[in-house]
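Chains as they are written, first to last, in the working numbering: chain A, 24 to 835; chain B, 1031 to 1511. Take a look at the structure below.
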Amino acid sequence: MRFTSAAPIESATVRLAVAYRLTAAFLAALFAAGTVVAQQDDNLLEIDPFDEITVEAEGKITTLRAVVTEEIRKQWQADSPPTGTLRFELSDRPGQLYEVSPDHVRSITFYEDLVLNRANKLTASGAYDNAFRHLEHLSGVAPDWPGLSDSFKDYLLKHAQYEREKNNSQYAFVLLAELQSQDSRYAGLEDEFTLVLDGLLQEHLRVGDFYAARNLLDSLESQLGENSPQAISVWRARWREEARQLANASEAHLAAGRLREAMLDAHQASLIWPETEGLGTLIDRLQSNYPTITVGVTQPVNLAGKDGFYLWGARRGSRLLLRHLFEFRGAGPEGGIYECPIAERVGDDISNTIQLKLWTGEAGTASGDGSPSSRDIAESGNSISSSEIRLPPAGEVARRIVAAAESGNDPALAASLLEIHVDGVHALDVRFGDRLCPESLLRIPLVVPRAVDESVDSPARGHGANSNGAKFEAYRPFLVASQTKKQTHFVKNAGYVLATENMPSEIIERYYPNSTAAVSALLRGEVAILDYVAPHDLGSLRSKDHIVVKKYAAPTLHVLIPNYQSPLLANHVFRRALLYGINRQRILRDNLVAADIPGCEVVDGPFPAGESFDDPLRYAFDSQVSVRGYEPALAMTLARAALFQVQQEQESAGQPVTEGFPALTLAHPSDGVSRSAAEAIRRDLAEIKIDLQLSEIGPNERPLANNQYDLVYAPLSVWEPISDAERMFGAGGLVDSGSPYLLEALATLRQETAWPSAREALKRIHQIVHREVTLIPLWQMVDHYAIRDELKGMMDKPTVLYQGVENWRIGP
Amino acid sequence: MSGVNAIPMNRFRSQLRTAVLLAVGVLITLPKTAFAEEDSPSLEWTQRPYKVQLRLGVGSPRILSEHETDEILRWLDDRIELLVSASWLTTIASAGSSSCYGATAYGTTEMQSGDPPPEAGQYDKSICIDISLDRNVFTITAREWDAAARLWGSAVRRRVTQPQLLPWMVEEVVLQSFAPVARMEILNQKESRLRLRAGGLPLRDSDLQFIPEETVFLPVHRRTNSEGHVQTQIVPHTLLRAVASDGDSVTSEVYSSLRSPFALRSLGRTELIAVAVRAVPGTTSLRLTSNSTPPSALEGFEVFAAGLVNASLEKLGMTDRSGRISITAGPRPLRLLYIKHGARYLARLPIIPGRVSEIEFSLSSDQDRLRAEGWITSFHEQLVDVVARREVLIAGIEASVENSDKDQARKLLDRLKQLPGRYELMQEMRSQRQIFSGTSERSDPYIDRMLAETETLITTQFDPERIGRVETDVLGLTARF
């Protein structure tokens, strides 16, 4: 063998002699140059392609990196031994041609095989991403290379197995779908498909989302066509059977008079397989016997009822779980309009004394929210007879008021209540100090709110009786029967005195993580009501014939509540920096409200601006207060100034000094709108180098308790500023800033006895809150709900969804 | 045993104790009755011993036998002789099976003015000791009445389960409840000298200290009218903290919320005395009220505690709706509180947390001042924003000039010129000053000072020439291109 440069070849003998002589030296040189053997860790995809020629000379076997000619390639591939001298270039000496006798060539591994072999090894070692790169590369340069297809399939199956084991079923499914498209009969594919499909479906079935599970199968089937795995049919058959059995069980329960069990089974069957034969008729029959209404929600009910002021879920649930002595019905010319479900207010409406005459079943009218008063119940001959009505005597009501005042939860009530005079069993006078709109202070629950952990009523406890054991249990419309991550069941309290004959026996709240899923559920009839419609869904829903979209009576005010225990957030310059750093106008326009909705606007204060300039809800709003704009450069400057200020204070107090901006935590509700807004806020603040970590408020969580978050995104229901100002900013209120200016302004407001001066006091509070950025105002939102047209009896503009729930019914 | 069983003090002592007394010295070994006989106004105050009456009640029905009671009384007598000796001329008596009047019968155990116990007689100090038993636990309570200040001291309590320990506990509560009295000499606004009664008489036990470090005294005005009737009055919101001891006198620092706490217009002879406070560290509720009629609770007033040694301030909290805040004991018995509303400190108040359960403190209404201050604070925030905006814009203009970006420079300059300048800010200040002067009959020097400082701030920070220089740079850039 002779290795030579492309010099003239003189004679075969000479060539051979020289070749052997030179081989050793040449090979030594090649070894030294490092071009002999392809190292295992070479990245084949990032260096020039080469082939490997293994030669044997003088008993030594050497593998060379070379680029063989196309002719040799063809001969070798044709499995016909080359006849003449093999000529090639070494990969690191391009342009120089070398020759070697075919006798010395033990093997040639072409570049394609090198890549393929590497890919196989990577697949075997679990380096799937890298394996895919090699296979993809080879598919590009030699799509028909022998063995490539098999390697690809092997890779797909093994990678899918790996992803399934990592609980990443969705990705596993994509890989298997690709394998299915290449070879539907590939060994092990069907088994793996079944396992992956099980995993995928379990994600939905675990939360009871059969619609998503069915949808998944439909989508797979349409995607895979004839090659759909058998598992799809198996699952469908299983569900059909399950739904059929549930429907049968429901029929049996119905026949035995076990209405709730019948409804639960039928409801479950409709979720699993709505097309189950006879199910529709069964549900219709059940509705007349055990009316049940399913409500779609994007924020799960929050059983921490007393936080309804800033938690949508708690606000909604509170009307379902308890009635209040006075309930807000809407804005009036001077303060809100209130109604008392258990008594008639007699005497002078503008007096500081509220005279109540408790209903006794002798005279009166229905309460304004459509729900009956206790008197109506007594007169109507409903299922609850007048003798069964357990109305609390006036003394009990008085005690409830006093307890609320002394609880410390309502500083305004505690400050204003002077005395209560009980006049016999059915009348009482509640006297306040000089106070405007005293009814607003009596928005106290008639039922003692339960702790979250005792809110779910065990069957043993029975309806209408619980550990409270008070007479006021009669004012609890519904009881929580069960609560899971996906849904909450509320059953009618059999002892509820204000119930109507056709009042729903059960309300089921189903939780959807975003508005799109919730809207879809409404459209297909899975739920009859959607408690909140995201602004961007309003247009599409309004265009549907069988859907009615309505507005709530009062807007919500979205704010960030700062945690004053945090040294930075206790600094008003820093809070102002945050405000300047959030592009509220853009977030409102781009993320929240696509169309122009009157009343949805950026506001810079703690009170509602209403939907128009003459909206009575606007009475506390100071129009002179300008809205701060988006000024990121100013925000950054102020934030640094605030940090410096805080550091100085800490240093002088001998406290640990805050180094740089710590990551702030923001808790936000779990609906899509809040999530989107929080994400946009996070992005904006990242621009000014303030890191925000988002956290969704969990079911029944009280995010303001324990000061665990730096900021809480809250949609406030500030419907009566004259008393809500105290609930927000008073000692022990929502935001305990400790500002002496604010406390002084609140004290002044407390003393105002005329509306004009009270408005001025409220405007001053607006100015102070704006100046000190007591809370970080975002925007005002006008909220909507949507119902299917078969739901009847809804109030036109409720303040909360369940206002008037006593009159809801499904029917023509 | 019925009635009061007094034990004569000049009875026979044991040989051992006599030996000890003799060893101490002739003066100290003289019978105490000799002091009583010599006790006269002519005797130097610091050399005058206290006439102390100790009365022990053992409950009704009595929980200790006569013999047990006598044992305790004898022990007490011996121990006082051994520890205190000449400083006290002691009479020890049993109150029999009834509770000792005063120790617990007042409904409160706080230091307060009140009527003397019936048997107080001519004693300087009457210490009532009461022993009660509940669920096998003896509670021993002692409380002294000081005749000079006409003050009941704070009750001192101990609990014990073993009856054998009762004599030791009784001794302890007696010594703990005893509050020395001093005549007070005002040295200056901040210091006074307290000349201790019996301070010139040595205590036999050198370890016994009636004036330990950080002892706080309560100053009392004592007035004797022409008819010889004595009236006393605690100097309000004032306390004295002992800082140095010099034999029979103690130097004390004066802490008071009043400018001239010791000024008193009165007829007759007046003197200032001070009584040591023997309170157990605890919590006192401070209630702030307005001095208007009727008084109203002052909410939202911040309360700070000042360090007595260094000048550090610790925020204790804010008064609630009822004007209250709980003050807990600090590292020293005396806490000096500062009361702040808005940005202004309104008062300082020394208290001993635990001495009384609640202290009410009146302040004048400062609503107008607070509103004015709120406006000025708000104006300062506005200035901060304007300054920050201006600096951001100037930096942008300078960068644009460097990059020869004349369009951007002009754009930023236009925005810079739109910011309020010195003239506009001054105008706003002046118009607001007029509003302030209209809300109050007389101008508040504090607000005047804040306004003046703000005007100075505007003058220095808002130099129109600075904007002029930036404008010149931009014009120069425009001219070049």
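Beta carbons are placed, not taken as given, at the ideal position from N, Cα and C, and that holds for glycine. Being a predicted model, the structure only gives us computed values, none of them experimental.
Spatial neighbours of Leu202 of chain A within its chain, please: C-beta separation below 8 Å, excluding the five flanking residues on both sides. Lys176, Leu179, Leu180, Ala183, Tyr209, Leu212
Can you list, in chain order, the residues of its chain with a C-beta nearer than 8 Å to that of Ile711 of chain A? Leave out the 5 residues immediately preceding and following it. Ala600, Gly604, Pro655, Ala658, Met659, Ala662
Please list the partners that Val1246 of chain B has in chain A, where partner means a Cβ-to-Cβ separation under 7 Å. Here the premise fails: no neighbours, minimum Cβ distance about 26 Å.
Quick one: Cα of Ile1157 of chain B to Cα of Ser430 of chain A, how far? 44 Å
Can you pull out the residues from the segment 761 to 788 of chain A whose beta carbon lies closer than 7 Å to at least one beta carbon of chain B? Gly761, Pro763, Tyr764, Leu766, Glu767, Ala770
May I ask you to verify whether the segment 1413 to 1420 of chain B touches the segment 1343 to 1353 of chain B, counting CB pairs closer than 8 Å and requiring at least 3? no
Going straight from the alpha carbon of Arg338 of chain A to that of Phe351 of chain A, what length do you get? 12 Å
Mind checking which residues open and close the alpha helix (DSSP H) that includes Phe1409 of chain B? 1397 to 1432
Can you name the residues of chain B whose CB is closer than 9 Å to the CB of Ile467 of chain A? Ordered by position in chain B, no residue passes the 9 Å Cβ test against Ile467 of chain A, which lies about 18 Å from the chain.
So what does DSSP say about Val1250 of chain B, is it helix, strand or coil? strand
Look at the alpha carbon of Ser1395 of chain B and the alpha carbon of Glu749 of chain A, and state the distance between them as a whole number of angstroms. 21 Å
Would the beta-carbon of Asp554 of chain A fall within 8 Å of that of Tyr808 of chain A? yes
Could you work out which residue in B:Val1339, B:Leu1455, B:Arg1445, B:Leu1364 is closest to Pro1380 of chain B when comparing CA atoms only? B:Leu1364
Using only the alpha-carbon positions, how far apart do Leu1413 of chain B and Thr1484 of chain B sit? 10 Å
Can you tell me whether Met1456 of chain B is helix, strand or coil according to DSSP? helix
Is DSSP giving Arg811 of chain A helix, strand or coil here? strand
Closer than 8 Å to chain A by CB, Asp1235 of chain B: no
Is the beta carbon of Met1214 of chain B closer than 8 Å to that of Gly1183 of chain B? no
Would you identify the three-state DSSP class for Gly358 of chain A, choosing helix, strand or coil? strand
Does the separation of the CB atoms of Leu1196 of chain B and Ile1161 of chain B fall below 8 Å? yes
Which listed residue (A:Ser538, A:Ser697, A:Ala709, A:Pro679) has its alpha carbon closest to that of Ala686 of chain A: A:Ala709
Mind reading off the beta-carbon distance from Pro578 of chain A to Val828 of chain A? Whole number of angstroms is fine, and I expect it under 8 Å. About 22 Å separates the two Cβ atoms, so there is no contact after all.
Can you tell me the Cα-Cα spacing of Thr1121 of chain B and Val1284 of chain B, whole angstroms? 35 Å
Residue of B:Arg1401, B:Ser1287, B:Ser1408, B:Val1310 minimising C-alpha distance to Ile1369 of chain B: B:Ser1287
Closer than 8 Å to chain B by CB, Ala5 of chain A: Outside the shown range of chain A, which is 24 to 835, sits residue 5 of chain A, and nothing can be said about it.
Determine, using beta carbons only, whether Ser1156 of chain B comes closer than 8 Å to chain A. no
Tell me whether Met526 of chain A, by its Cβ, gets closer than 7 Å to a heavy atom of the ligand SAM. The ligand SAM is not part of this structure, which contains no ligands at all.
Since I believe Thr511 of chain A is in contact with Val324 of chain A (beta carbons under 8 Å), could you give me their beta-carbon distance rounded to a whole number of angstroms? 5 Å
Near-chain A residues of the segment 1346 to 1366 of chain B - C-beta to any C-beta below 7 Å: Met1348, Asp1350, Arg1351
Identify, in the order they occur along the chain, each residue of the same chain with its Cβ nearer than 7 Å to the Cβ of Val648 of chain A, setting aside the five sequence neighbours on each side. Asp627, Gly628, His789, Gln790, His793
Counting only beta-carbon separations shorter than 8 Å, does Val1054 of chain B have a partner in chain A? Reliability of the predicted coordinates at Val1054 of chain B is poor, the pLDDT of 36 falling under 50, and the value obtained from them is presented with this limitation in mind. For Val1054 of chain B, the answer is no, since every Cβ of chain A falls outside 8 Å of its Cβ.
Can a CB atom of chain B be found closer than 8 Å to the CB of Thr539 of chain A? no
Within 10 Å of its beta-carbon, does Asn516 of chain A have 16 or more other beta-carbons around it, so buried, or fewer, so exposed? buried
Thr660 of chain A: contacting residues in chain B (beta-carbon distance under 8 Å): Ala1418, Glu1421, Val1422
What does Ile360 of chain A reach in chain B if we use C-beta pairs closer than 9 Å? Result: empty, since nearest Cβ-Cβ is about 29 Å, beyond 9 Å.
Closer than 8 Å to chain A by CB, Leu1446 of chain B: no
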